[in-house]
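**Student:**
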Amino acid sequence: MIKRVSGEQWLAFGIILLGLFMAWQLQDIPNDAGYAGIGPRFFPSLVVTGLIVAGGALLMQRRHSNGPDTILSDGENDAAEVEAEDEFARGDADWRMFAIASGSLIAHMALISLVGFTLAGTLLCFGICRALETRRPTLDLVLSFVLALGLFHLFKTLGLNLPALIPGGVL
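In terms of this note's numbering, the sequence shown opens at residue 982 and continues consecutively.
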């Protein structure tokens, strides 16, 4: 029996092909080390690696799951089972989550030069946590701040200057 390729598998193939195309295009970027001590291919290479790994993971996950189009049935589905499958396949959009995540990203872009990378990054990360409806907002806020502060100092260590709230670049 030939199994048909699902939409998720097509998406996985597309992500892998996009990553391979970007890897091929990386050859056009000169490999001279920049002022930060790392070459201009470093971050694009991380993105390429992430795309290929994510596409492979999506492909492997889909191969090993029993989604709606891989359910083996003996032909006797009751009406409730069919209705549940239809509801699962429809997947209505959560516009509230989209609005909160988009608003967080737009606020981050608008505020980064005013309040610095650390606070703007904290608001972005915390906004995404709110959009995903996590259950511990205080912990989310603390972890968002720690993540943004860590990234700020990582980039500072690499020699990249990000906007800081306090002159001298502690925050």
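Where is the CB? At the ideal position from N, CA and C, for every residue including glycine.
#1: Report yes if the C-beta distance between Ile1093 and Ala1082 is below 8 Å; otherwise report no.
#2: Under the rule that 16 or more other beta-carbon atoms within 10 Å means buried, what is Phe1107, buried or exposed?
#3: As a quick exercise: from Ala1091, Ala1038 and Val1127, pick the residue whose alpha carbon is nearest that of Ile996.
#4: Just mark Val1034 as buried or exposed, buried being the case when its beta carbon has 16 or more other beta carbons within 10 Å.
#5: For Ala993, I'd like the list of residues in its chain whose CB is within less than 8 Å of its CB, leaving aside the five on either flank, ordered along the chain.
#6: Report yes if the CB atom of Leu1032 is closer than 8 Å to the CB atom of Leu1007, and no otherwise.
#7: Could you give the C-beta distance for Ala1112 and Met1078, rounded to a whole number, given that I count them as a contact under 8 Å?
#8: Between the alpha carbons of Gly1097 and Ser1085, how many angstroms are there, rounded?
#9: Taking the alpha carbon of Asp1121 as the reference point, which residue from Leu1135, Leu1105, Phe1136 and Thr1138 has its own alpha carbon closest?
#10: In this structure, does DSSP put Glu1114 in helix, strand or coil?
#11: Would you please state the rounded distance, in angstroms, between the beta carbons of Thr939 and Leu1146? I believe it to be under 8 Å.
#12: At which residues does the alpha helix (DSSP H) containing Gln990 begin and terminate?
#13: Please state whether DSSP places Arg985 in a helix, a strand or coil.
#14: Looking only at its chain, what residues have a beta carbon closer than 6 Å to the beta carbon of His1134, apart from the 5 residues adjacent to it on each side?
#15: Return the CA-CA distance between Pro1118 and Thr1103, expressed in angstroms with no decimal places.
**Tutor:** Considering the structure as presented:
#1: no
#2: buried
#3: Ala1038
#4: exposed
#5: Gly1036, Gly1037, Leu1039, Leu1040 and Arg1043
#6: no
#7: 5 Å
#8: 15 Å
#9: Leu1105
#10: coil
#11: Residue numbering for the chain in the displayed model covers 982 to 1152; residue 939 lies beyond these limits and cannot be assessed.
#12: Gly988 to Gln1006
#13: coil
#14: none
#15: 13 Å
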